[in-house]
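Residue numbers (the working numbering): 12 to 304.
For every residue, glycine included, the Cβ atom is placed at its ideal position computed from N, Cα and C.
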């Protein structure tokens, strides 16, 4: 991850725009919309790695055999959930999609930590074991190391993974993926609509960062080729000529337009992130709609 100190210094000036503000209790650099003080009890929530063990309610543990911590009104952070697609298709490209996806996840996590939000970073194929981070930017180096250790192989079920997210109140859910999954590509499928409705029901500001390689967006090869599916290793022989390339590009644009349209209708954010784009411009210009500026 080749991101220098100057990049993070500039990033520190930004803040994620969370949405659903009317019902959120926020701490850190965000203003709470409800009255309360640090000593005013608000609720219980399930214990998460990194929580202060002094807040554990041992009476509840004795009754329920599960760990819960006491939460106070001004101590409720916003929750930023980042879902990273680690399927084999993300390993594609001269400039790999996986490299850009990891850098995007790091930038989004840094923004959340910089505003004292609770950040949960999920490997889409290992939803049961997220990296849980809170308490500010001091934990970011460990989170960056965790991201660097991700391997990109196998398959990922995006919709299924999102539905496994634990309910933790209003917040932001960021999906970083190429979104090249049959259920999402098929224009007759309602998977995307159901996914967006589910996130809205959970009071999440949904963000889809679609990462595509430059040669997926613009075909630069011709002739007869053997194409290999990176996930199931099946092969397909295809002759790439001007006509077939036009068909591909038309289908791709229809797919991208549908993603953008459905996200807009649902109040979600969609952004196409090309591996050929300048990363600084991508973060500070192309993704400005994500920030309170």
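**Report entry** Rounded C-alpha distance that separates residue 208 from residue 170
**Finding:** Reading the chain shown from its first residue, position 197 is the one you call residue 208. Reading the chain shown from its first residue, position 159 is the one you call residue 170. Spanning the two alpha carbons is a distance of roughly 11 Å.
Report task. Can you give me the Cβ contacts of residue 97 inside the same chain, cut-off strictly under 7 Å, excluding the 5 residues immediately before and after it? Result -> Locating residue 97 in the chain shown gives position 86, where the first residue counts as 1. Once the five neighbours on either side are set aside, the close Cβ partners of residue 97 are 134, 135, 136, 161, 162, 163 and 167.
Query raised in the report: If we ignore side chains and look at the alpha-carbon of each, how far apart do residue 190 and residue 293 end up?
Result: Translated into the one-based positions of the chain shown, residue 190 becomes position 179. Translated into the one-based positions of the chain shown, residue 293 becomes position 282. So the two alpha carbons sit approximately 18 Å from each other.
Query raised in the report: For residue 139, which three-state DSSP category applies?
Result: Residue mapping note: residue 139 aligns to position 128 of the chain shown, counting from 1. Reduced to three states, the DSSP call for residue 139 is coil.
Query - Nearest to residue 132 (by Cα), restricted to the options 220, 91, 99 and 175 - result: Along the chain shown, read from residue 1 onward, the residue named residue 132 stands at position 121. The residue with the shortest Cα to Cα distance from residue 132 is 91.
Requested in this report: Run through the stretch 145 to 170 for me and flag every whole alpha helix (DSSP H) of 4 or more residues, listed as ranges in chain order.
Outcome: The qualifying runs are 151 to 159.
Query raised in the report: Can you tell which of 113, 225 and 144 has its C-alpha closest to the C-alpha of residue 124?
Result: In the chain shown, residue 124 corresponds to position 113, counting from 1. Of the listed residues, the one whose Cα sits closest to residue 124 is 144.
Query - Unbroken alpha helix (DSSP H) run spanning residue 125, endpoints - result: For this step, residue 125 is matched to residue 114 along the chain shown. Segment 108 to 125, the alpha helix (DSSP H) holding residue 125.
Requested in this report: Over the uninterrupted alpha helix (DSSP H) stretch that includes residue 216, give me the two end residues.
Outcome: If you number the chain shown from 1, residue 216 lands on position 205. Under the DSSP assignment, residue 216 falls outside any alpha helix (DSSP H), being part of the beta strand (DSSP E) whose first and last residues are 215 to 223.
Query raised in the report: Which residue's Cα is closest to the Cα of residue 271: 65, 107, 128 and 196?
Result: Walking along the chain shown from the start, residue 271 turns up at place 260. Among 65, 107, 128 and 196, the Cα nearest to that of residue 271 is on 196.
Query raised in the report: Which word fits residue 212, buried or exposed, when buried means at least 16 other C-beta atoms lie within 10 angstroms of its C-beta?
Result: The sequence position of residue 212 within the chain shown is 201, counting from 1. Looking at its Cβ environment, which holds fewer than 16 other Cβ atoms inside 10 Å, residue 212 is exposed.
Query raised in the report: Beta carbon of residue 286, beta carbon of residue 111: below 8 Å?
Result: Working through the chain shown from its first residue, we reach residue 286 at position 275. Working through the chain shown from its first residue, we reach residue 111 at position 100. Yes; because the gap between Cβ atoms is below 8 Å, this pair is in contact.
Query - Between the CA atoms of residue 258 and residue 47 - distance to the nearest angstrom - result: By one-based count along the chain shown, residue 47 stands at place 36. By one-based count along the chain shown, residue 258 stands at place 247. Only weak support exists for where residue 47 lies, its pLDDT of 39 falling under 50; the value from the coordinates is given anyway. So the two alpha carbons sit approximately 59 Å from each other.
Query raised in the report: Which stretch, first to last residue, makes up the alpha helix (DSSP H) that contains residue 259?
Result: Residue mapping note: residue 259 aligns to position 248 of the chain shown, counting from 1. Run containing residue 259: 253 to 276, per the alpha helix (DSSP H) assignment.
Query raised in the report: On the three-state DSSP scale, how would you describe residue 59?
Result: Here residue 59 is taken as the residue at index 48 of the chain shown, counted from 1. Note: residue 59 maps to coil in three-state DSSP.
Query raised in the report: Under the three-state reduction of DSSP, which class applies to residue 301: helix, strand or coil?
Result: As a working note, residue 301 is residue 290 in the chain shown. It is helical.
Query - Coarse secondary structure for residue 230, derived from DSSP in three states - result: Start at 1 with the first residue of the chain shown, and residue 230 comes out as number 219. In this structure, residue 230 counts as coil in the three-state DSSP scheme.
Report task. Since I believe residue 154 is in contact with residue 120 (beta carbons under 8 Å), could you give me their beta-carbon distance rounded to a whole number of angstroms? Result -> In the chain shown, residue 120 corresponds to position 109, counting from 1. In the chain shown, residue 154 corresponds to position 143, counting from 1. Confirmed, about 6 Å.
Query raised in the report: Got a sec, what are the start and stop residues for the alpha helix (DSSP H) residue 133 sits in?
Result: Taking the chain shown and counting its residues from 1, one reaches residue 133 at position 122. That residue, residue 133, is in no alpha helix (DSSP H); its beta strand (DSSP E) goes 129 to 134.
Query raised in the report: Three-state secondary structure (DSSP) at residue 92?
Result: Against the chain shown, residue 92 aligns to sequence position 81. Strand.
**Report entry** Interface flag, residue 112 vs chain C, CB-CB below 8 Å
**Finding:** Annotation note: the requested chain C is absent from the structure, which comprises a single protein chain.
Report task. Mind reading off the beta-carbon distance from residue 71 to residue 79? Whole number of angstroms is fine, and I expect it under 8 Å. Result -> Along the chain shown, one-based indexing puts residue 71 at 60. Along the chain shown, one-based indexing puts residue 79 at 68. The pair is a contact, with the Cβ atoms about 5 Å apart (cut-off 8 Å).
Report task. Note down the Cα distance separating residue 38 from residue 22, rounded to an integer number of angstroms. Result -> Here residue 38 corresponds to residue number 27 of the chain shown, with the count starting at 1. Here residue 22 corresponds to residue number 11 of the chain shown, with the count starting at 1. For residue 38, the pLDDT reaches just 43, beneath the cut-off of 50, and the residue's location in the model is therefore unreliable, although a value from the coordinates is still provided. Residue 38 and residue 22 have their C-alpha atoms some 20 Å from each other.
Report task. Name the two residues that bound the continuous beta strand (DSSP E) containing residue 187. Result -> To locate residue 187, count along the chain shown from 1; it is residue 176. Start and end: 182 to 188.
Requested in this report: Quick one: residues in its chain with C-beta nearer than 7 Å to the C-beta of residue 58, no 5 flanking neighbours on either side, listed in chain order?
Outcome: Along the chain shown, one-based indexing puts residue 58 at 47. The residues are 67, 78, 79 and 80.
Query raised in the report: Taking Cβ to Cβ, would you say residue 218 is nearer than 8 Å to residue 184?
Result: Within the chain shown, the letter at position 207 stands for residue 218. Within the chain shown, the letter at position 173 stands for residue 184. Closer than 8 Å, so yes.
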